[in-house]
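Here is the structure we will look at.
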Amino acid sequence: MDLPTERRGNLRHNGQNIRKQLKIYSVLFLLISGLVILTPFSAFAKPSAILAPLILDGQFSSKTTGRIFQNLKNVLSGKYELISGNQYKTAGRALKGKFDAGGCKTDNCVRVMQDVLRTDHFYSLELKKTGQETQLTLTHVDREERHVMDDFCESCDENELVKRTRFLAEQIISPDPLFPSSTMAVIVHESFDSAFEVADVLVDFPDMDLVDGVFDLSTDLSGLATTNTLQNTLDSPVEEDILIFSLSPDLVKAADGVFLVKVSAFSQLKSVSINSQNQPLAPESYQASFGVDYHLKPGENFFEINASTEEGEREQEFIVFLETKDIKRDAGKVKPFMLITILGYADDDNTNSVSSSSTKVSSSKSSFVLVPVFNQKITYFSTLSVKGLITGDQQQKSEFESREFMLKQLALEWKTRKTFMGDVIYSVGANRLSTKDTANTSSYRDPWFSKYKQAGADTFTNLAFKSGASEGTKWSLKFDHKLKTVPGTPASKGTENSLSLGAKNKFGIYKTDFSLSQTNTNLQDDSKDKEKVTGSAKFSFPLKPVLLSLQTQLAESNNLTANSTTGIKTKTRKKTYKFGVTYPLASWLILAYSRKLEDQESNLINTDYKKNSNSLQLTMIF
25 MDLPTERRGN LRHNGQNIRK QLKIYSVLFL LISGLVILTP FSAFAKPSAI LAPLILDGQF
85 SSKTTGRIFQ NLKNVLSGKY ELISGNQYKT AGRALKGKFD AGGCKTDNCV RVMQDVLRTD
145 HFYSLELKKT GQETQLTLTH VDREERHVMD DFCESCDENE LVKRTRFLAE QIISPDPLFP
205 SSTMAVIVHE SFDSAFEVAD VLVDFPDMDL VDGVFDLSTD LSGLATTNTL QNTLDSPVEE
265 DILIFSLSPD LVKAADGVFL VKVSAFSQLK SVSINSQNQP LAPESYQASF GVDYHLKPGE
325 NFFEINASTE EGEREQEFIV FLETKDIKRD AGKVKPFMLI TILGYADDDN TNSVSSSSTK
385 VSSSKSSFVL VPVFNQKITY FSTLSVKGLI TGDQQQKSEF ESREFMLKQL ALEWKTRKTF
445 MGDVIYSVGA NRLSTKDTAN TSSYRDPWFS KYKQAGADTF TNLAFKSGAS EGTKWSLKFD
505 HKLKTVPGTP ASKGTENSLS LGAKNKFGIY KTDFSLSQTN TNLQDDSKDK EKVTGSAKFS
565 FPLKPVLLSL QTQLAESNNL TANSTTGIKT KTRKKTYKFG VTYPLASWLI LAYSRKLEDQ
625 ESNLINTDYK KNSNSLQLTM IF
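Residue 203 in the working numbering sits at position 179 of the sequence shown, and the numbers go up by one each step.
Below you can see the structure in the form of structure tokens.
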């Protein structure tokens with residue numbers, strides 16, 4: 025082949041690859057967009073924020089301060105549901121004595137306001153005039169830090185002050201790194217420990233290989249929704265007229281104590297009840313404090329307060345959690361919605377899995393995984409989850425195009441913790457596998473992707489038990505039952521049953537993970553009936569800022585019937601050694617690299633092989 029012709033061929037091949045990559049990334053974009061559209065609006069609702077009245081030092085006209093405050097409010101309301109006006113005044117009157125002179129400025133005062141009004145964000149603007157110079161100081165305080173931005177203006181008129189206020193508000197929401205500001209921590213920042221926990225699960229996401237027309241997916245997504253410690257969604261803003269707040273801690277370690285609550289209103293209080301028990305109330309009172317003796321049970325304890333005035337009534341519920349050695353409050357937290365996105369790249373130096381006597385061919389591929397999880401907390405001990413999985417890959421070499429796959433999974437899971445059998449997890453769901461088929465060799469097409477044919481359909485149910493304390497060994501036992509089929513191939517129908525046993529240990533910063541499983545496949549085509557035993561051991565430890573892991577796995581598979589031609593029952597033994605490095609760039613962004621050596625031995629001629637592969641994954645958790 026002459027050089028120009030070879031170049032044209034390479035250009036044509038590169039062009040095809042670029043078009044294929046654009047298509048798969050377009051599909052990925054559409055899938056993410058669709059998930060965002062389908063996500064409940066509450067998951068993306070605006071967070072609430074307190075907007076304190078202006079703090080003034082000097083002489084300002086009411087017209088000027090009114091315009092400044094309204095413009096500040098307009099900018100912030102684009103991002104927050106603001107709590108201001110009567111709501112702020114009601115809280116201020118109830119907390120009389122806790123405010124600083126001239127406004128709420130200290131961390132202690134701000135924290136009390138955040139707790140009472142049940143929000144994480146506090147904004148205040150201070151105007152200070154000295155001679156012809158005016159100083160504007162805008163402060164934003166969240167649960168982690170106090171962010172302050174200043175501006176100075178000499179001989180400024182009303183319009184200029186309004187303009188500078190808007191600029192400060194826009195800057196504090198979306199900071200310009202070149203604009204001067206100061207930041208001061210008010211509490212310890214969140215550590216990367218939770219990110220390590222999530223990364224430890226995601227780095228073991230299984231390799232997805234299509235072997236003999238059977239797709240084996242053994243992913244356990246049960247831990248993804250609860251490994252992170254995540255903040256619950258905020259309640260709706262308090263009502264204008266009545267404010268009810270607790271003076272008692274919401275986490276206690278003693279069963280006996282007193283629940284303290286305070287009620288404040290603009291109108292006269294008519295009645296107040298706690299758990300349907302009316303409380304004594306002085307006549308013509310606008311605020312009152314109450315105390316109720318309690319004896320708590322471990323876990324969540326509910327106190328329902330109902331207060332009424334001449335103008336209306338308000339009902340509010342508080343939870344006091346009794347924490348014991350076995351029952352911890354953080355263990356019951358769930359996030360209503362989570363979306364895990366994994367983008368990956370992998371290479372393989374023996375993609376055809378040939379023996380050492382044959383010519384090895386290398387390949388590389390890109391992949392994506394989307395895992396949406398919807399959680400509904402039923403009680404402190406039980407959660408109902410809907411989990412999805414969409415994953416696929418793209419080969420970089422066109423000759424391996426037929427190996428590209430697309431897998432969809434949907435599962436419904438019920439989890440109950442702290443039973444006499446430990447944590448109990450029951451789930452049902454279905455998998456749908458499709459493979460690339462541009463030649464249209466099958467009439468069973470994938471309804472989502474027209475260039476793919478249906479290659480497998482599983483429905484499954486599994487039951488798992490987990491037990492063990494936070495320190496020591498954690499045991500797990502799982503039963504899994506699948507109904508398998510391949511559209512258009514009746515002989516591929518059948519069942520697959522598996523039993524898995526696992527043990528996890530933690531010794532300081534070091535972790536070990538051992539597992540053993542047995543799987544039996546029984547299809548109408550007896551030649552594909554087999555049993556498989558898999559054992560694995562993993563050792564991991566943080567060497568901050570990264571997490572290192574070493575893993576070995578041994579899998580033995582035996583066909584239960586002999587081949588009709590050779591009379592041999594196929595036996596294979598696969599050994600895998602894996603080294604991994606995980607680096608959390610942030611608590612929601614995780615980078616992972618792994619190097620794997622795979623060695624297979626078989627009693628069939630020319631089926632032994634060795635291969636090395638590298639993979640790089642970027643995980644985003646929303």
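Using N, Cα and C, we set each Cβ at its ideal position, and we do this for glycine too.
Spatial distance of residue i from residue j (CA atoms)
i    : j    : result
E168 : D174 : 20 Å
S270 : P307 : 22 Å
R91  : L162 : 16 Å
V397 : D371 : 30 Å
D274 : D317 : 15 Å
F603 : L572 : 8 Å
D461 : E105 : 51 Å
T650 : K70  : Absent from the model: residue 650. The displayed extent of the chain is 25 to 646, so no value can be given.
Q340 : I266 : 10 Å
E622 : S377 : 10 Å
L523 : A481 : 21 Å
G532 : F565 : 9 Å
L363 : I645 : 6 Å
D244 : F503 : Summary for D244: the model assigns pLDDT 38, below 50, so the residue's position carries little reliability; its value from the coordinates is reported in the next sentence. Each residue's Cα considered, the two are about 12 Å apart.
Q400 : G446 : 20 Å
S390 : K552 : 30 Å
V358 : V385 : 46 Å
S379 : G412 : 38 Å
S539 : K97  : 57 Å
P608 : N583 : 42 Å
L525 : K599 : 19 Å
Boundaries of the alpha helix (DSSP H) in which residue i is found, first to last residue
i    : result
M445 : Here M445 belongs to no alpha helix (DSSP H), and DSSP marks it neither H nor E.
F93  : 86 to 100
Reduced DSSP category for residue i - H, G, I as helix; E, B as strand; rest coil
i    : result
N112 : The displayed chain sequence assigns Tyr, not Asn, to residue 112. The answer is helix: DSSP assigns Y112 an H, G or I state.
N183 : helix
R456 : strand
I196 : helix
S541 : strand
V210 : Annotation note: pLDDT 38 at V210 (below 50); position unreliable, no value reported.
T130 : coil
L78  : coil
K294 : strand
T158 : strand
D174 : strand
F191 : helix
E428 : coil
R135 : helix
E168 : coil
K635 : strand
L320 : coil
K552 : helix
Extent of the continuous beta strand (DSSP E) to which residue i belongs
i    : result
R353 : That residue, R353, is in no beta strand (DSSP E); it is neither H nor E in DSSP.
S573 : 570 to 583
A616 : 613 to 626
S467 : S467 -> no beta strand (DSSP E), and no H or E assigned at all.
Q303 : Looking at the DSSP string, Q303 is not in any beta strand (DSSP E), and its letter there is neither H nor E.
I268 : 266 to 270
I629 : Counting along the chain, I629 falls outside any beta strand (DSSP E), and DSSP gives it neither H nor E.
Candidates the options, of which the one nearest residue i by Cα
i    : options                : result
I298 : E328, F283, G281, D280 : E328
R427 : G412, F484, Q418       : Q418
Q577 : S522, Q624, D181       : Q624
I351 : R441, G412, S409, L434 : R441
W472 : I414, M445, S451       : I414
I268 : T483, R142, A479       : R142
D549 : K475, A586, N636       : A586
E335 : Q303, I366, S295       : S295
T365 : K97, S422, S539, W612  : W612
A435 : L284, K421, G453       : G453
T465 : N486, G512, Q420       : G512
I74  : T189, V136, K87        : V136
Q478 : V510, H505, L80, Y112  : V510
N330 : K498, V285, E423       : V285
R170 : R190, Y147, Q159, A616 : Y147
Residue i CB to nearest heavy atom of the ligand FAD below 7 Å
i    : result
V287 : Although the ligand FAD was asked about, the structure shown includes no ligands whatsoever.
Residue i at chain B interface by Cβ criterion, 8 Å
i    : result
K349 : Judged by its chain identifiers, the structure shown contains no chain B, having just a single protein chain.
Every unbroken beta strand (DSSP E) within the stretch 481 to 518, with a cutoff of 3 residues, ordered by chain: 498 to 510
Contained beta strand (DSSP E) runs [length at least 3] in the stretch 332 to 385, N- to C-terminal order: Entirely contained in the stretch 332 to 385, the beta strand (DSSP E) runs reaching 3 residues are, in chain order, 337 to 346, 361 to 372.
Runs of beta strand (DSSP E) lying entirely within the stretch 391 to 421, each at least 3 residues, in chain order: 406 to 419
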